[in-house]
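Taking it in order: structure first as structure tokens, then the write-up.
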Amino acid sequence: MSVHCPGCRHGVDHCHGTLVVHVDGTLECTDLECLRAEVVRHELVVVCRQVDDDCACLARWN
Numbered sequence: 046m047s048v049h050c051p052g053c054r055h056g057v058d059h060c061h062g063t064l065v066v067h068v069d070g071t072l073e074c075t076d077l078e079c080l081r082a083e084v085v086r087h088e089l090v091v092v093c094r095q096v097d098d099d100c101a102c103l104a105r106w107n
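Residue numbers (our numbering): 46 to 107.
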């Protein structure tokens, strides 16, 4: 919890990590304490190829 984060101050269910969306539809969060990898809980959502050109899921789809 951060006193500087409006979501934390107002009790909004959210995560401070980045949600990574894989080509196969799986989701993972960069915050190891994230309880639910859901788009609505994350302000920052990226596609895996934006952060890792060698992501294993990309090889399965090529």
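For each residue, glycine too, the CB sits at the ideal point set by N, CA and C.
Please read all numbers here as calculations on a predicted model, not as lab measurements.
query                                                                                                            : result
Coil, strand or helix - residue 64 by DSSP                                                                       : strand
Buried or exposed by the 16-neighbour rule on C-beta atoms within 10 Å, applied to residue 64                    : buried
C-beta contact flag for residue 87 and residue 52 at 8 Å                                                         : no
Contact under 8 Å by Cβ, residue 85 with residue 66                                                              : no
Residue 50, buried or exposed, once every other Cβ within 10 Å from all chains shown has been counted against 16 : exposed
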